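Everything on this sheet refers to the single structure shown next.
Quick look at the structure:
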């Protein structure tokens, strides 16, 4: 009996000493109203808030959030947007073994970190986005997903498995609609478009306001490579 009691005390001590679940990311910047919905219930998202697997980030009409993950991946969530952290595994070398998010609606900016690029997967209501080392903006609607590429490459796939690569050689915008229709703009913009692309923001991408992402959110846009991209259906 004493041995059983001693074993119980030992196990209880180990449970109490176990570390808390490691956070997947942290909020670097929060502009206006944003909430975090997780196992602990909904709460207001603030600078320094930890984000865990399964958490859902929701912003209102003026909300803007930047998250940084352990592998240095940065994710900016624009106004009227919602996103779920589906999976995030960190390797011993500090790189992400897996990074999966579900972009439900709204506008987003992704700047990938040090993980192998095939470990990133973004799901939307109309398909998936596979990342191959890049920086891009994403606009997600119920019937269409639009992408604005700045660096690297992505693979856009519809729900029925039709895929296209958007890269710096074919730099442009990809747009996928519910039902499998797709378009891809392969036209290069002229040199004068470079500055315009540099000024584009998540709010501009959503067509709501010309105000750029606030500097305090830490979301400076990288210089576009090889030309500018413009969001659109890609139809000539």
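In this note's numbering, the protein residues as written are 1445 to 1680.
No residue lacks a Cβ here, since even glycine has one placed at the ideal position from N, Cα and C.
None of the values given here were measured: they were computed from a predicted structure.
Taking 9 Å as the cut-off, decide whether the C-beta atoms of residue 1527 and residue 1550 are in contact. yes
How big is the Cα-Cα spacing for residue 1603 and residue 1487? 33 Å
Start-end ranges of the beta strand (DSSP E) lying completely within the stretch 1486-1526, minimum 3 residues: 1500-1503, 1508-1513 and 1518-1521
Excluding five sequence neighbours on each side, which residues of the same chain lie with their C-beta closer than 6 Å to the C-beta of residue 1476? 1506 and 1507
Could you check the C-alpha separation between residue 1555 and residue 1581 for me, to the nearest Å? 9 Å
Might you give, ordered along the chain, the residues of its own chain that have their beta carbon closer than 7 Å to the beta carbon of residue 1598, omitting 5 neighbours on each side? 1573, 1574, 1575, 1576, 1578, 1580, 1591 and 1610
Which residues mark the beginning and the end of the beta strand (DSSP E) in which residue 1471 is found? 1469-1475
Close beta carbons around residue 1600, own chain, < 7 Å, minus the five adjacent residues each side: 1571, 1573, 1591, 1607, 1608, 1610, 1618 and 1620
Alpha carbon to alpha carbon, what distance is there between residue 1501 and residue 1485? 12 Å
DSSP state of residue 1562, grouped into three classes? helix
Taking 9 Å as the cut-off, decide whether the C-beta atoms of residue 1493 and residue 1470 are in contact. yes
Using the C-alpha atoms, what's the distance from residue 1514 back to residue 1563? 14 Å
In three-state terms, what does DSSP make of residue 1603? coil
Which residue from 1522, 1525, 1523 and 1567 puts its Cα closest to that of residue 1543? 1567
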